[in-house]
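Quick note: the sequence shown uses UniProt numbering, first residue 1, plus one each step.
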Amino acid sequence: MSFPELSYATTGRLFLAALSTWVVLKITIHHQFLQECVWSHCRLSPSFSVQENELLDLQKNATVVLGKAVNLHGSSPANRSAWHRTGRLPPNVEKILDAAKKAVRAQIQQRSMGTKRRILVVEDGECKYRPPKVVRHCATLDTAYGHQCSGWGFDSHYHHGYVAAFRALEQHMARVGVPNYRAVRFDSEKAPKMIGDAEVIITSAAMVPKLLEMSQAQFVVVERADSASVVEDNFYGINNPRVIAVLKHTSLHPLSRNNDDLLLHGRHHYVQIDPSLAPSARKRAPPFSPAALRKVHVMVPQVFRFRNPTECGGKRHYLHLAPAFQPNATIAPAGGNGTAQLFIRPLANRSIDIAFLGGFQNHESLKKHRSKAAAAIRAVASRHPRLNVVAGFKKTETVAEFYELLRDVKFFVSPYGYGEFANKDYEAVLSGCVLVKPLAHQLTAFPNIYKPGVSAVSVAGDFSDLGRVVLPLLKSLPKAQAIADSALGQLRKFSHPGILAEHLSMLLDEVA
């Protein structure tokens, strides 16, 4: 059987298996092909680089494949000795590997046809520069997307950061095989022509109605709502055949839960809120079809706004969280006197056991929901007087003091905001806390900081099991520390634009 006849997956695995034994067997493979092929495989199947069990299987397969190749050659012990000494493969083995190279190249080219299309990110133009302003500690910030902290800022709502993350990917998309990837602001002079020429447009839901009339392109829609559910009044038209994907930062799991009872009140959208707090909840009408829900993907990095606080959609006070992205970063103690302290202190060195820090907004259901969180913390403290807790709104003089307080918390309880997601989910993780989230097991994010027992702690929607869930972890801080470290590690990893570029390129291969 010749290598070109193998499936893409089989050929790719066998070829990567051969590469994995290169050091041991001293196989000389052309550097350019090695770089091109391995990079393409990382893009098309990131699991090769993250699944340890797969790598072990590849190594075992490599021994078998190369062993058979040597047997085909019929090499003698003397020839094998020369092979190891010179680093050159027998001619028949070289021929087999050359065939594998050609097959892999052909499959990569065929699989990547969609990525050759003209991809355009369109921002809505609402991100306006403010005059330069000195930002304290600005020089210490080295943002992942290549934008240095220069003292410039944006006067924009935070949800503009969702599209800004994709605008910042131009150079990174080229590296993963998407060369025709550009970005433009809707209000720029060159926008009309670029929009007219685009084959796939990535933009916010609010921009789709305008762009549908200006272009015949397909659309990847970035939802800007805080809800984990797909926005009900999806004026962009999820059923429109030109809408090929809908991207969210947080989503319900499974997606079929989008057709559950929904509470709508202004900008507030909830599916997961305690039904007893939502008397106005109603069924979605009409429900989303399975085909529509298959368009939904979790691929908007909330962490972009925290990693790039001076970018569009960022907040200047997130500069205080910049050290979180640097392992073992230290900061000067409060007042500037004394020795430097770790920015992320171990849980064992924190004095507040359980906390909820936040306000109660003018939304009756949300107010009741957050009040239940505070009441649950107080109830746990009443049964265990030695616990040090903060329940409710605790005012600090400055934002810096707020983050300093947060960095002294072991378990942070984060109720809902305008949707199931809340900014404090990320502020807590970036401060080194264990995130405690209601019904976290029914949420997913990019990355998934809500995975119970791995990156978060899931409690009931009414917080009634808070003590039963959290107290055992307080007695087993190493286990709790592993959860906090896992969540923070994921945010650090996904703050790098190359990760988003890889995921987006795979999505475009699939849908475009």
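Just so you know, even glycine gets a beta-carbon here, dropped at the ideal spot from N, CA and C.
8 Å Cβ cutoff met for residue i and residue j
i: L262; j: A480; result: no
i: A198; j: R118; result: yes
i: V300; j: V222; result: yes
i: I238; j: A217; result: no
i: L277; j: H369; result: yes
i: V208; j: I244; result: no
i: H184; j: A191; result: It is Val, not His, that sits at residue 184 in the sequence shown. Yes, they are a contact pair.
i: Y426; j: Q326; result: no
i: A456; j: A440; result: yes
i: H172; j: P497; result: yes
i: V434; j: I483; result: yes
i: L212; j: I195; result: no
i: L293; j: L255; result: yes
i: R407; j: R345; result: yes
i: S365; j: I273; result: yes
i: R182; j: E123; result: no
Residue i, buried or exposed, once every other Cβ within 10 Å from all chains shown has been counted against 16
i: A62; result: Interpretation of A62 is limited by its pLDDT of 45, a score under 50 that renders its predicted location unreliable; no figure is taken from the coordinates.
i: N259; result: buried
i: H41; result: The predicted model places H41 with a pLDDT of 32, which falls under 50 and marks its position as unreliable, so this point remains unresolved.
i: P415; result: buried
i: G161; result: buried
i: D462; result: buried
i: P309; result: buried
i: K68; result: For K68, the predicted model reports a pLDDT of 47, less than 50, meaning its position is unreliable; a value from the coordinates is still stated below. It is exposed - the Cβ of K68 has fewer than 16 other Cβ atoms within 10 Å.
i: A487; result: buried
i: S505; result: buried
Limits of the unbroken beta strand (DSSP E) element including residue i
i: A355; result: 352 to 357
i: L120; result: 119 to 123
i: S251; result: 250 to 252
i: F446; result: Per DSSP, F446 belongs to no beta strand (DSSP E) and is neither H nor E.
i: V178; result: Where V178 is concerned, there is no enclosing beta strand (DSSP E), given that its DSSP letter is neither H nor E.
i: residue 516; result: Any answer about residue 516 is impossible in this case: the structure gives the chain only from 1 up to 512.
i: F186; result: From DSSP, F186 is part of no beta strand (DSSP E); its letter is neither H nor E.
Anticipated Cβ contact below 8 Å, residue i with residue j, distance rounded
i: I354; j: V413; result: 7 Å
i: G419; j: H269; result: 5 Å
i: V271; j: S229; result: 5 Å
i: F356; j: V390; result: 7 Å
i: V298; j: A445; result: 6 Å
i: A422; j: F304; result: Actually they do not touch by this definition, with Cβ atoms about 17 Å apart.
i: K437; j: S458; result: 6 Å
i: H317; j: V399; result: 4 Å
i: P275; j: A281; result: 6 Å
i: V121; j: V163; result: 7 Å
i: A501; j: L169; result: 5 Å
i: L466; j: A376; result: 4 Å
i: L507; j: V178; result: Rounded, the Cβ-Cβ distance is 11 Å, inconsistent with contact.
Residue span of the alpha helix (DSSP H) that contains residue i, given as start and end
i: F219; result: Unbroken run through F219 is the beta strand (DSSP E), 218 to 222; no alpha helix (DSSP H).
i: F304; result: 303 to 307
i: K437; result: First-last for K437: 434 to 438, but that is the beta strand (DSSP E), not the alpha helix (DSSP H).
i: A501; result: 497 to 511
i: Y483; result: Checking the sequence shown, residue 483 turns out to be Ile, not Tyr. 477 to 494 is the span of the alpha helix (DSSP H), which, as asked, contains I483.
i: G314; result: No alpha helix (DSSP H) contains G314, which DSSP labels as neither H nor E.
i: K368; result: 364 to 383
i: residue 514; result: Since the first residue of the chain shown is 1 and the last is 512, residue 514 is not available in this structure.
i: residue 514; result: No information on residue 514 is available, as it lies outside the stretch 1 to 512 that the chain covers here.
i: K210; result: 208 to 212
i: V399; result: 399 to 406
i: residue 514; result: This structure leaves residue 514 out entirely; the chain is present only between 1 and 512.
- Message: Counting beta carbon pairs with one atom in the stretch 482 to 497 and one in the stretch 447 to 466, are three or more of them shorter than 8 Å?
- Response: yes
- Item | Inter-stretch contact (C-beta, 8 Å, three-pair minimum) for the stretch 426 to 438 and the stretch 320 to 327 | yes
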